[in-house]
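In order, the protein sequences belong to chains P and X.
Residues in the first sequence are numbered from 1 upward in steps of one, following full-length UniProt numbering.
Residues in the second sequence are numbered from 1 upward in steps of one, following full-length UniProt numbering.
2 protein chains.
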Amino acid sequence: MASDTAAPTDTAPTAAVDTANPPEVDVPALTRLLDGAYADVRDLVRDNLATYASVLEEADELGIDDFRDRVREVVLELAATGQTALGLPEEYGGGGDLGASVAAFETLAFGDLSVLVKVGVQFGLFGGAILQLGTERHHEAYLRDIASGRLMGCFAMTETGHGSNVQALGTVATYDADAREFVITTGGDQARKDYIGNAARHGELAVVFAQLEVGGRREGVHAFVVPIRVGGEVAPGVRIEDDGRKMGLNGVDNGRIWFDDVRVPREALLNRFADVTPDGAYESPIENPDRRFFTMLGTLVQGRVSVGGAGINAAKVALAIAVRYAVRRRQFEATPGAEEQLLLDYGLHQRRLLPLVARTYALHFAQDVVRTQLHEVFSAAPEAGSGEAARRELEARAAGTKAIGTWHTTRTIQECREACGGAGYLAVNRFAALKADTDVFTTFEGDNHVLLQLVAKGLLTDYASEFEDLDQLGMVRFVAGLAVETVIEKTSVHKLLERVRDLLPGGDEWDQEAGLLDSEYQLAMLRFREEHMLAGVARRLKRGVDQGLDPGAVFSEAQDHVVGAARAHVERLVLEAFVDRMRALPDDTPEGNRVALGLLCDLFALSTIEADRAWFMEHGRLSVQRSKAITREVNRHCRLLRPVAVDLVDAWGIPAQMLRAPDLI
Amino acid sequence: MASDTAAPTDTAPTAAVDTANPPEVDVPALTRLLDGAYADVRDLVRDNLATYASVLEEADELGIDDFRDRVREVVLELAATGQTALGLPEEYGGGGDLGASVAAFETLAFGDLSVLVKVGVQFGLFGGAILQLGTERHHEAYLRDIASGRLMGCFAMTETGHGSNVQALGTVATYDADAREFVITTGGDQARKDYIGNAARHGELAVVFAQLEVGGRREGVHAFVVPIRVGGEVAPGVRIEDDGRKMGLNGVDNGRIWFDDVRVPREALLNRFADVTPDGAYESPIENPDRRFFTMLGTLVQGRVSVGGAGINAAKVALAIAVRYAVRRRQFEATPGAEEQLLLDYGLHQRRLLPLVARTYALHFAQDVVRTQLHEVFSAAPEAGSGEAARRELEARAAGTKAIGTWHTTRTIQECREACGGAGYLAVNRFAALKADTDVFTTFEGDNHVLLQLVAKGLLTDYASEFEDLDQLGMVRFVAGLAVETVIEKTSVHKLLERVRDLLPGGDEWDQEAGLLDSEYQLAMLRFREEHMLAGVARRLKRGVDQGLDPGAVFSEAQDHVVGAARAHVERLVLEAFVDRMRALPDDTPEGNRVALGLLCDLFALSTIEADRAWFMEHGRLSVQRSKAITREVNRHCRLLRPVAVDLVDAWGIPAQMLRAPDLI
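What follows is the structure, encoded as structure tokens:
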């Protein structure tokens with residue numbers, strides 16, 4: 001039974017902690033650790049948030065048109081401080097630092113999220129597309145005005161009929177060799193561009209994704225620069241409709257755009273990866289059309305990294321309010337005649353909030369990893385084709401972190417609102433806006449369920465590298481069509497299971513003997529789950545194909561396992577990020593911070609295992625006794641963290657004005 | 001292994017179903033079954049919803065003041081049709097049928113929810129309090145005008161400082177025997193009435209809950225009729241503040257009220273359960289002050305029954321939209337060159353929506369049971385004290401159904417919004433309003449976590465009936481204080497475990513041998529869980545007390561088990577309601593409907609067991625093989641229900657205008 005008592009290992013820094021002896025947290029030092037290399041940028045954004053704090057109230061008070069204009073104004077003023085164009089090259093007035101750009105964006109997510117999304121549309125999506133897909137002529141023509149905000153623009157990819165399967169877009173760009181122009185045409189209402197930020201009111205130029213047709217031949221989706229307004233008036237041949245009021249983000253002017261044979265010069269093609277010669281020959285250094293398309297898309301990965309990080313920071317705002325409320329609000333007395341008890345002294349309330357705090361810390365560190373990878377990949381290898389493997393890894397990690405991070409956002413804000421009762425429902429507190437504004441984070445920049453399938457596909461193709469050039473988004477087609485058979489044949493299921501066995505740290509009984517607080521044990525559990533699930537997916541697909549079943553049906557039945565495997569993969573990456581950070585803590589880290597972070601890391605790991613303990617029991621990796629011991633440890637960690645809960649949310653450094661919660665904290 | 005293959009039992013009506021041979025659903029017949037005895041009332045409300053369908057748009061288009069006035073206008077016009085006062089006595093212009101009143105309210109939840117909540121405040125809370133807590137003088141004075149809507153009023157119980165623990169309210173009503181008046185006083189800002197519907201704009205009268213003080217002695221919380229506006233102006237001594245914009249329900253004018261020594265005549269006391277004689281003697285037929293208070297509160301149980309039912313119907317609206325979208329929207333082709341696949345043909349999408357459809361059906365039938373109980377208890381026993389046990393059972397069931405039902409609402413609407421992608425985020429579709437308006441359902445009429453503790457407390461006191469007079473809401477105090485020791489001592493833990501054993505249908509191996517689709521098996525599983533969890537709570541509390549630990553700490557550590565036991569109890573009730581209904585289906589039920597309902601019932605039961613399969617494995621009631629077989633059955637049932645999914649949501653009879661989703665369906 002000794003193995004079931006969850007005794008900490010000798011090395012666990014949290015061994016000596018008990019509820020009577022809580023760690024002493026040095027909040028400023030913890031903030032410095034969390035801010036990391038981008039502390040200065042984050043502080044600049046914090047100052048700006050405080051300066052423009054009134055926008056939180058204006059979101060409630062202004063009508064939709066006025067609020068859109070106000071958000072534009074704030075965005076332009078933020079641009080003047082240099083915080084919004086950090087990702088654009090210095091020669092065009094930017095900061096030339098992609099990592100800093102993402103860090104700034106994450107921090108901006110503490111504030112009004114219409115401002116955030118407008119910044120994302122203008123500088124990330126629109127500016128990023130011009131930068132990444134265009135060449136010098138486009139950079140020279142536009143980037144300076146984009147960086148300053150003088151030229152507002154759109155990223156016009158999504159159509160009403162196609163959001164996830166963007167390779168099947170319906171907009172067409174036909175090359176007219178005589179006129180040396182492209183003719184942009186919307187093929188019916190399902191092909192209208194939709195939900196496009198900056199379209200309804202402020203955008204002058206749009207990067208339009210369309211099926212390129214040259215000499216009667218379709219060459220796949222390419223991007224074109226198309227003016228949609230001239231001198232404030234909608235351009236000839238362009239029709240724009242307002243998407244109208246949305247659940248949230250009403251400071252962003254989303255709209256629909258139709259193109260009725262709109263002509264743009266040949267030079268409007270963003271021609272970094274492909275070009276059309278004046279006389280109508282199509283040229284590209286990337287031969288495979290799928291690979292070309294996903295190389296183009298891949299350059300836009302910063303959007304996903306940014307949204308994931310923003311979602312995690314929005315969750316922090318909700319947690320900071322709910323935790324502070326829980327140490328102020330009292331309800332019911334524990335013993336007759338006594339003072340009523342603080343909410344956070346209830347075990348259930350700790351259970352509701354503290355594992356979310358731990359997961360938020362874990363995701364913060366995972367976001368550090370993906371942001372760093374983004375920065376390194378884009379700084380080191382500006383040319384297509386170089387660092388292919390690193391790019392693929394980045395894309396999968398960005399997709400996974402975005403999906404898991406933004407679901408965490410939705411869930412956390414909901415729990416925090418409920419934990420603040422009726423007061424949490426008033427618009428004067430922040431939950432109303434936080435909930436409404438973040439709700440679409442699970443959908444835009446890639447629907448989370450589709451993103452996880454993309455992650456799973458990457459994992460499967462790791463075993464069959466010759467297929468990695470296939471479509472990156474078209475997971476369904478990929479797995480269900482041709483590739484299902486071939487990948488699975490190449491992917492010896494047997495080998496996968498061997499890999500799983502190799503993961504175990506030693507002996508058949510390893511998972512019964514290791515200490516629950518041993519991070520090697522925790523990591524091994526998540527690694528085992530990931531590999532086993534992946535093998536299971538491969539087995540299921542192979543079995544279905546071997547039985548001659550319809551590929552669509554085979555995929556459909558395996559799909560929840562596909563998504564499960566991807567989720568397991570991402571959670572393993574997140575725990576690794578946290579454990580790696582713990583192991584690399586600077587020597588001067590205050591002991592109390594070290595202890596508190598250790599408790600958070602264990603709480604994240606154990607509550608993650610606990611949430612899926614049925615799976616671990618089903619697969620022979622968790623005994624009943626041990627499963628119950630994990631639940632006890634989760635509860636114990638909640639109690640241990642209770643005294644430092646406020647410090648832990650304070651360390652996120654959210655400007656006080658952003659915790660707009662007059663009745664709550 | 002035969003027991004693991006989940007072969008249907010001989011009697012299972014779904015045995016012959018396969019995906020190639022889906023049941024043929026008679027939608028109108030299914031609607032009749034669901035509407036039950038209140039079909040006429042529901043149809044009246046459906047017609048009214050269609051008539052006032054424009055209010056869905058007006059919620060977006062009008063400013064907050066105009067929308068509040070518009071909602072009031074709609075409520076008054078609905079009142080003129082008779083649908084809103086069905087719960088008030090016929091002699092005052094009501095319908096004299098509480099069950100019909102709740103059915104009407106549930107149906108109204110298909111439409112704009114500000115209208116719903118305003119109706120609930122006016123006719124349910126305000127009118128209900130006058131009816132249930134007042135006597136003839138109050139009925140004569142007010143009920144006619146309340147029924148017509150001429151007199152709008154407030155139910156002023158909640159205060160800023162006390163929402164859940166209402167026995168500790170801070171408002172005081174002191175009897176001045178010389179003047180024969182009560183003096184109502186707000187004791188500081190924490191004691192201001194808060195979140196009170198009808199307060200900010202339309203209410204003239206308020207039922208105010210306050211600590212009654214007579215002759216220097218506190219007699220507990222009582223209700224008083226207090227004018228808050230006279231001729232449209234705020235009454236002297238009353239101060240009102242608007243709660244302002246809320247996350248949703250902005251057609252309801254919630255506000256705060258302070259009373260500065262406001263005098264009301266002695267007759268303003270709602271004196272059904274207690275009175276003060278002119279010369280200042282306090283009198284009540286109920287001696288125990290706690291029992292008196294909870295008897296008063298108990299008469300207001302219809303509010304919880306109503307909110308639970310409304311939440312379930314709001315979830316139906318979201319599911320109807322998402323299911324219909326999923327059979328229209330295509331994305332990705334299954335095989336190259338083929339048409340793109342419908343969302344609902346993806347296994348994952350079925351998994352996301354269909355178990356929620358099944359749970360909604362289950363909750364619908366559970367709501368039928370609690371509504372019927374409410375109707376019977378209030379029709380049969382108008383006097384306090386009669387049918388005590390039935391009332392207690394009703395209160396617990398109402399609390400539990402409300403909690404589980406409204407969490408289902410929040411979760412379902414969220415999943416459906418995500419399943420409709422970016423289009424689901426536009427305000428022109430219904431999700432924005434559905435999400436925002438229903439969000440507070442988990443909080444008002446009792447915070448869900450508190451309600452589940454109330455349910456658990458009822459279950460514990462069942463074993464120690466002498467304690468049933470203790471506070472009904474003060475679960476924390478109850479368990480943590482005196483009662484923890486006494487209840488647990490009386491509640492032989494040993495006996496509880498014996499009861500658990502008695503539940504098993506036969507033999508030690510029963511749960512390994514029964515067919516997964518045998519409803520006796522499913523019920524036994526949920527009964528076992530409930531009783532075992534309850535015994536676990538009792539054991540934990542007893543152990544803590546035996547060890548001499550602080551009662552607050554003991555309770556805090558057991559609290560998640562307390563809530564878990566209550567949840568298990570309610571889910572058992574819900575499954576019983578569904579199974580009972582299946583067994584009592586009318587003989588003329590079309591075979592296809594019988595089959596489809598059988599599939600839904602199994603899907604609800606199995607997905608409920610699946611969701612907690614870790615617990616069942618931990619407690620020796622589910623083998624690994626059987627656990628996996630349950631997951632397979634859940635998936636299979638999703639596939640079987642896929643062809644009739646649209647019929648199943650159509651059968652709810654939601655008026656077409658309420659499925660406001662021009663881009664989606």
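Heads up, the beta-carbon is just placed ideally off N, CA and C, and yes, glycines get one too.
Computed from a prediction, not measured in an experiment: that's the story for all the values here.
Could you name the residues that DSSP lists as bridge partners for X:Thr-174?
X:Val-183 and X:Glu-213
Test item: CB-CB of X:Thr-360 and X:Ile-321 under 8 Å:
no
Keeping to the same chain, check which residues put their C-beta closer than 6 Å to that of P:Met-247; ignore five residues upstream and five downstream.
Ala-436 and Asp-439
Residues in the region 431-459 of chain P with C-beta within 9 Å of chain X's C-beta atoms, listed in sequence order?
Phe-431, Ala-432, Ala-433, Lys-435, Ala-436, Asp-439, Val-440, Thr-442, Thr-443, Phe-444, Asp-447, Asn-448, His-449, Val-450 and Gln-453
Excluding the 5 residues preceding and the 5 following P:Glu-485 in the sequence, name in chain order all residues of the same chain whose CB lies nearer than 7 Å to its CB.
Below a pLDDT of 50, predicted positions are generally treated as unreliable, and P:Glu-485, at 41, falls in that range; the measurement from the model is reported next regardless. If we look at P:Glu-485 and ignore the five residues flanking it on each side, its Cβ neighbours are Val-545.
With a 10 Å radius around its C-beta and 16 neighbouring C-beta atoms as the bar for buried, classify P:Asp-588 as buried or exposed.
exposed
Using C-beta distances below 7 Å, list every residue in its chain close to X:Glu-241, excluding the 5 sequence neighbours before and after it, in chain order.
Gly-255 and Arg-256
Span of the beta strand (DSSP E) around P:Arg-263:
262-265
Just to confirm my understanding: we take residue 670 of chain X, look at its own chain, exclude 5 residues before and 5 after, and list those with CB closer than 7 Å. What are they?
No information on residue 670 of chain X is available, as it lies outside the stretch 1 to 665 that chain X covers here.
When you compare each of X:Gly-161, X:Ala-206, X:Asp-176 and X:Phe-273 to X:Gly-187 by their alpha carbons, which one comes out closest?
X:Gly-161
Taking all protein chains shown into account, decide if P:Ala-480 is buried (16 or more other Cβ within 10 angstroms of its Cβ) or exposed.
The predicted model places P:Ala-480 with a pLDDT of 37, which falls under 50 and marks its position as unreliable; any figure quoted below should be read in that light. Per the 10 Å Cβ criterion, buried.
Taking P:Leu-452 as the reference, give the member of P:Ala-399, P:Arg-46, P:Arg-272 and P:Asp-69 with the closest Cα.
P:Ala-399
Name, please, each residue of chain X whose Cβ falls closer than 8 Å to the Cβ of P:Ala-614.
Near P:Ala-614 (Cβ distances below 8 Å), the residues of chain X are Arg-613, Ala-614, Met-617 and Ser-627.
Proximal residues to X:Asp-35 (C-beta, below 6 Å), its chain only, five neighbours per side dropped
Arg-42
Flag this pair as yes or no: are the beta carbons of P:Gly-149 and P:Gln-122 separated by less than 8 Å?
yes
Amino acids of chain X, ordered along the chain, whose beta-carbon sits closer than 7 Å to that of P:Glu-418:
Thr-442 and Thr-443
In the DSSP assignment, the alpha helix (DSSP H) including X:Trp-652 goes from what residue to what residue?
Taken as a continuous stretch (DSSP letters only), X:Trp-652 belongs to no alpha helix (DSSP H), as it is neither H nor E.
If we define contact as Cβ-Cβ less than 8 Å, is X:Phe-332 a contact residue for chain P?
yes
Have a look at X:Ala-366, X:Arg-229, X:Val-172 and X:Gln-331 and flag the residue whose alpha-carbon is nearest the alpha-carbon of X:Asn-198.
X:Arg-229
So, P:Thr-608 versus P:Glu-557, is the Cβ gap smaller than 8 Å?
no
Helix, strand or coil for X:Val-327 per DSSP?
coil
Given 8 Å as the limit, is there contact between the region 356-373 of chain X and the region 578-587 of chain P, that is, 3 or more CB pairs closer than that?
No: the two stretches stay apart, fewer than three of their Cβ pairs being nearer than 8 Å.
With a threshold of 7 Å on Cβ separation, who are the neighbours of X:Ala-7 within its own chain once the five nearest residues in sequence on each side are excluded?
Residue placement at X:Ala-7 is flagged as unreliable, the pLDDT there being 39, under the threshold of 50; the coordinate-derived value follows with that caveat. The answer, listed in chain order, is Gly-515.
Contact residues within the region 338-354 of chain X, judged by C-beta distance below 9 Å to chain P:
Ala-338, Glu-340, Gln-341, Asp-345, Tyr-346, Gly-347, Leu-348, His-349, Gln-350, Arg-351 and Arg-352
Going by CA-CA distance only, name the one from P:Asp-18, P:Asn-448 and P:Ala-423 that's closest to X:Thr-443.
P:Ala-423
Residues within the region 240-263 of chain X neighbouring chain P, beta-carbon criterion of under 7 Å
Going along the region 240-263 of chain X in chain order, one finds Asp-243, Gly-244, Arg-245, Lys-246 and Met-247 with a Cβ nearer than 7 Å to chain P.
With 16 other CB atoms within 10 Å as the buried threshold, where does P:Thr-295 fall?
Classification for P:Thr-295: buried.
For P:Ala-384, count the other beta carbons within 10 Å of its own beta carbon; 16 or more makes it buried, fewer makes it exposed. Which is it?
Legend: pLDDT at P:Ala-384 = 48, less than 50; position of this residue unreliable, no value from coordinates given.
Tell me X:Val-221's beta-bridge partners as DSSP assigns them.
X:Gln-211
In this structure, how does DSSP classify P:Glu-340 when only helix, strand and coil are distinguished?
It is a strand residue.
Rounded to the nearest angstrom, how far is the Cβ of X:Ala-362 from that of X:Leu-575, given a contact under 8 Å?
7 Å
Are the CB atoms of P:Leu-44 and P:Gln-83 within a distance shorter than 8 Å?
yes
Reference X:Leu-354; option with closest CA among X:Val-646, X:Ser-54 and X:Ala-59:
X:Val-646
By the DSSP assignment, the beta strand (DSSP E) with P:Cys-154 in it spans what residues?
153-156
Backbone secondary structure at X:Leu-269 - three-state DSSP:
Note: X:Leu-269 maps to strand in three-state DSSP.
If you reduce the DSSP assignment to three classes, tell me which class P:Leu-319 lands in.
helix
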